[in-house]
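*Asks:* What follows is a single structure, and I will ask about it in a moment.
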Amino acid sequence: MAQTVSETQPAADVEEPGPGAQPATISGGHLVAKALKAEGIDVIFTLCGGHIIDIYDGCVDEGIAVVDVRHEQVAAHAADGYARMTGKPGCAVVTAGPGTTDAVTGVANAFRAESPMLLIGGQGALNQHKMGSLQDLPHVDMMTPITKFAATVPHTARVADMVSMAFRECFNGAPGPSFLEIPRDILDNSVPVDSATVPEPGRYRASTKSIGDPASIEALADLLVRAEKPAVLLGTQVWTSRGTDAAIDFVRQLNIPTYMNGSARGTLPPGDPHHFHLSRRYAFNNADVILIVGTPFDFRMGYGRRLPKNATVVQIDMDYRTVGKNRDIDLGLVGDPGAILAAVVQAASGRLQNKSGDRKAWFNELRAEEDAAYQKRLPRQLSDANPIHPLRLAHEINEFLTEDSIYIGDGGDIVTFSGGVVQPKSPGHWMDPGPLGTIGVGIPFVMAAKYARPDKEVVALFGDGAFSLTGWDFETLVRFNLPFVGVVGNNSSMNQIRYGQEAKYGHDRGRIGNTLGDVKYDEFAKMLGGYGEEVRDPKDIGPAMQRARESGLPSLINVWVDPDAYAPGTMNQTMYK
Ligand SMILES: Cc1ncc(C[n+]2csc(CCOP(=O)(O)OP(=O)(O)O)c2C)c(N)n1
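Per UniProt numbering, the sequence shown starts with residue 1, numbered consecutively.
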C-alpha cells in the first residue's frame, strides 16, 4: 500500500538509536534541507525527477515549502526573483540532464543580474559515473561560466557543508548564482548524523559591508562637497545590498539630483524633490561630478561612452572588476554601496551647510528639463486612439499602482514604453530581467514576489510574445493561490524585433519569424482558473484592472494595443549601440 508523508511523520530514513543500536543516520536529501533551513530558506521552486526526491522528503521534515512548477526555467527565475524580493538567496531544485539544462536560462539571468541563488541539480549515481546513466550530462562544466561557483558533492557527509559553501560563494563580491550537482546515490545514502557537519545559521560567513579604502571615502566626500552640479545614478546593487536607507540619506544630506535604474527604481518615490527620471542625459551632459553607484557601464549605459569627457566620474561597485571597465574613471570605490554612501555622509558632515542654497539653480534647471520631456510625451500618454497606444496603457498602469504594488515588466517594446512612464512608488517594488534581457521572466517573478511578499499587490505587464514563453505556469499561480493583476499588451507580434527587421528587409521579409496569432489571453486565464477580461477601448483599462484586483485571483487583462507604435528606444535600436 502506498505510504503518504505528512509533516508530523518522522522521516523514513532517520533512525533513532536504541540501546546498543546503530547510531542515528541521516540521508543526503535531508542534509540538503537542513542546510537550506540554516540559510533561512523557506521555499524551493522545483520540477520533480527521480534523482531529487530525497530533497523533497527533507523539506517536508524541515518545514520548507515545495512550489512545483511546469518548467525548470520558471523554477530558476523564481529563485532569482525570490532573492530580489527577500534579500536572502533563492533556491531551485531540478532533476539531472534536461531538468538542469532547462534551468540554464534562469541561472544565466541571475548571473547577469547579480542575484544570489542556488540551483541544485540531480546527477546519475557516482557508482555509475560516466557509464551512460539516465540523464547524465557534464552539468558542472555547463554551469561554470554562468555561476560564481559550480561543483559536485562527492560524499553524503559533505552535503550540508557544500550547500553552505555554495551560499557563501553567492556573496563573494557582487552577488550571483551558485550551482551544486548532487548525485542520486549521494542524496539517497545515509551517514551517521555525527559525521555530517551542518553549518550553524549565521556562523559560516563574514559580513560583506566593507567600505574599501578610507582615503577614497574622503576623496569622494571632498569632490561632492565642492561640486556645483553633481548627479548620481543609483543602480541595482543599491537594492540588492539593501543600501536603500543609506542611499536616501546620502542624496538628501549631500543634496544631489538622483536617477535610478534597475532594481534601484523606487528608492525615492516620484514627487520626491531629489527624484528625477526623464532628464538623465541632460544631467550627465551638464554635470561637473557624476557618481555611478552599483551599475556597470554596459549597453544600458552606452558602455560609459555617452558620459562627457570633461565630467569627473566616480564609480562605486561591489565587484572590483566592474570599476573602470569600458570607461576611465576619476575615482573608484569597491565595497558595499550602502556602507560606502553612509561613510561619505559621515566624512562630509559639518561641510554641508550651504549645499541646498548653492544648487538651487541646478535643481531648477533639471526640473525644467524633466517637465518639458513630460509635457512632450503627455498627449500620447493620454491618447484615446483605438487601437490603444502602448503609452496610454503604461499611463493607466502607472495610475493604478499604489505604494504596495510591486511592478514587473516582461516583454519587448511594450515594456520599453512602460519603462519611461511607470514609476514604482516604493523601494524594491520594480522587477525587470536585468542586463540579460530575458523575456519570460514575468510569471516566475510574479510567483516569487507574491510568495515572498503576500502582503503586497503584484502588477505585471507582459508582451504577448514574452508571456507565451512561461505562461503555462499561470496554472501554478492558481494552484498556490497567488493572486496578481496581469496585463498583456497584445500586438500579435514580437514588435521589438519586428521593427529592426522591417526597417532592414521591408514589410514582407521583415515579418518572418516575428508575428504571432491573435491569442485571447483573458480566455487562457479563465481556462486555468483565473480571472480574465479583454479591453479594446483605452478608457476600459483602469476599470478592468480594478476588477482584476478585486477578483482575488491570478488575472490577465488582454489589452489589444497598436502594433504599429514603436518605442523611441526600439526605433533608435539603442540596445545594440
Ligand atoms: C529568451 C529571449 N528570447 C528572445 C529574445 C529577443 N527578444 C527581445 S524583445 C522580443 C519580442 C518580445 O515580444 P513581446 O513580448 O510580444 O513584446 P513587444 O516587443 O511585441 O512589445 C524578443 C523575441 C529575448 N530577449 N529573450
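Yeah, the Cβ is synthetic: ideal placement off N, Cα and C, and Gly gets one too.
Which complete beta strand (DSSP E) runs does the region 47 to 86 hold, if anything under 3 residues is left out?
*Replies:* If we require 3 residues or more, the beta strand (DSSP E) runs fully inside the region 47 to 86 come out as 65 to 68.
*Asks:* Which residues in the same chain have their Cβ closer than 7 Å to the Cβ of P454, if we skip the five residues on either side of it in sequence?
*Replies:* Excluding residues within five positions, none has a Cβ falling inside 7 Å.
*Asks:* What does the Cβ neighbour count give for V238, buried or exposed, with the cut at 16 atoms within 10 Å?
*Replies:* When all chains shown are included, V238 counts as buried.
*Asks:* Along the chain, where does the beta strand (DSSP E) that runs through W560 open and close?
*Replies:* Start and end: 555 to 560.
*Asks:* Whole angstroms are fine: how far does the CA of A373 sit from the CA of P379?
*Replies:* In a straight line, the C-alpha of P379 is about 12 Å away from that of A373.
*Asks:* Measuring CB atoms only, is the region 98 to 112 touching the region 71 to 87, in the sense that at least three cross pairs come out at less than 8 Å?
*Replies:* Flag = yes, the region 98 to 112 and the region 71 to 87 touch.
*Asks:* Which of helix, strand or coil does DSSP assign to T402?
*Replies:* Looking at T402 - three-state DSSP - the assignment turns out to be coil, as it is neither helix nor strand.
*Asks:* Please state the DSSP three-state secondary structure of G510.
*Replies:* Looking at G510 - three-state DSSP - the assignment turns out to be coil, as it is neither helix nor strand.
*Asks:* Under 8 Å, with one C-beta from each stretch per pair, do the region 398 to 408 and the region 427 to 435 reach the 3-pair mark?
*Replies:* Verdict: yes, contact present.
*Asks:* How far does the alpha helix (DSSP H) with N364 in it reach, from first residue to last?
*Replies:* N364 -> alpha helix (DSSP H) spans 360 to 381.
*Asks:* Out of V561, D194, A221, which has the shortest C-alpha to C-alpha gap to A24?
*Replies:* It is D194.
*Asks:* D410 and V441: beta carbons closer than 8 Å?
*Replies:* Yes.
*Asks:* Where I248 and A35 are concerned, what is the direct C-alpha to C-alpha distance, given to the nearest angstrom?
*Replies:* Going by the C-alpha atoms only, they are around 35 Å apart.
*Asks:* Within the present structure, is the beta-carbon of A108 separated from the nearest heavy atom of ligand 1 by less than 7 Å?
*Replies:* No; taking the cut-off as 7 Å, the Cβ of A108 has no heavy atom of ligand 1 nearer than that.
*Asks:* Would you mind reading off the limits of the beta strand (DSSP E) that contains D317?
*Replies:* Here the beta strand (DSSP E) through D317 covers 312 to 317.
*Asks:* Which word fits L382, buried or exposed, when buried means at least 16 other C-beta atoms lie within 10 angstroms of its C-beta?
*Replies:* With fewer than 16 other Cβ atoms within 10 Å, it is exposed.
*Asks:* Might you give, ordered along the chain, the residues of its own chain that have their beta carbon closer than 7 Å to the beta carbon of N398, omitting 5 neighbours on each side?
*Replies:* The residues are V421, V422, Q423.
*Asks:* By Cβ distance below 7 Å, which residues in the same chain neighbour R280 in space, the five residues on each side in sequence not counted?
*Replies:* The residues are Y259.
*Asks:* Please state whether the Cβ-Cβ distance between G28 and T156 is less than 8 Å.
*Replies:* Cβ atoms of G28 and T156: closer than 8 Å.
*Asks:* DSSP three-state label for T267, please.
*Replies:* Residue state, collapsed to three classes: coil.
*Asks:* Starting from G332, follow its DSSP beta bridges and name the residues at the other end.
*Replies:* Note: G332 sits in a beta bridge opposite Q315.
*Asks:* Closer than 7 Å by C-beta to P154: which residues in its own chain qualify, once you throw out the five before and the five after it? Chain order, please.
*Replies:* Correct list: empty, nothing qualifies.
*Asks:* Tell me where the alpha helix (DSSP H) around G420 begins and ends.
*Replies:* Where G420 is concerned, the enclosing alpha helix (DSSP H) stretches over 413 to 421.
*Asks:* Any heavy atom of ligand 1 inside 7 Å of the beta-carbon of I408?
*Replies:* It does not: the Cβ of I408 is nowhere closer than 7 Å to a heavy atom of ligand 1.
*Asks:* Would you call the region 534 to 548 and the region 383 to 397 touching, i.e. three or more CB-CB distances under 8 Å?
*Replies:* As far as the Cβ criterion goes, the region 534 to 548 touches the region 383 to 397, which means the pair count is three or higher.
*Asks:* Comparing alpha-carbon positions, which option in L482, N491, A449 lies nearest F462?
*Replies:* It is N491 whose Cα lies nearest to the Cα of F462.
*Asks:* Going by Cα to Cα distance, which pick from L31, D518, M447, Q573 is closest to P192?
*Replies:* Considering only alpha carbons, the answer is L31.
*Asks:* Out of D185, N481, A160, Y576, which has the shortest C-alpha to C-alpha gap to Y204?
*Replies:* Ranking D185, N481, A160, Y576 by Cα distance to Y204 puts A160 first.
*Asks:* Apply the 10 Å Cβ neighbour rule to M494 and answer buried if 16 or more other Cβ atoms are within range, or exposed otherwise.
*Replies:* Buried.
*Asks:* Can you have a look at H71 and say buried or exposed, based on whether 16 or more other CB atoms are within 10 angstroms of its CB?
*Replies:* Burial call: buried.
*Asks:* Can you tell me where the alpha helix (DSSP H) with M117 in it begins and where it stops?
*Replies:* Premise fails: M117 lies in the beta strand (DSSP E), 117 to 123, not in any alpha helix (DSSP H).
*Asks:* In this structure, does DSSP put H275 in helix, strand or coil?
*Replies:* In this structure, H275 counts as strand in the three-state DSSP scheme.
*Asks:* Counting beta carbon pairs with one atom in the region 198 to 217 and one in the region 129 to 145, are three or more of them shorter than 8 Å?
*Replies:* Touching, no, given that fewer than three Cβ pairs across the two stretches are closer than 8 Å.
*Asks:* Would you please state the rounded distance, in angstroms, between the beta carbons of V345 and L477? I believe it to be under 8 Å.
*Replies:* The Cβ separation is near 42 Å, so there is no contact.
*Asks:* Quick one: any contact between the region 305 to 325 and the region 121 to 129, if contact means 3 or more CB pairs under 8 Å?
*Replies:* Judged by Cβ distances under 8 Å, the region 305 to 325 makes no contact with the region 121 to 129, as fewer than three pairs qualify.
*Asks:* Out of curiosity, what's the CA-to-CA distance linking P138 and P387?
*Replies:* Going from the Cα of P138 to the Cα of P387 covers about 50 Å.
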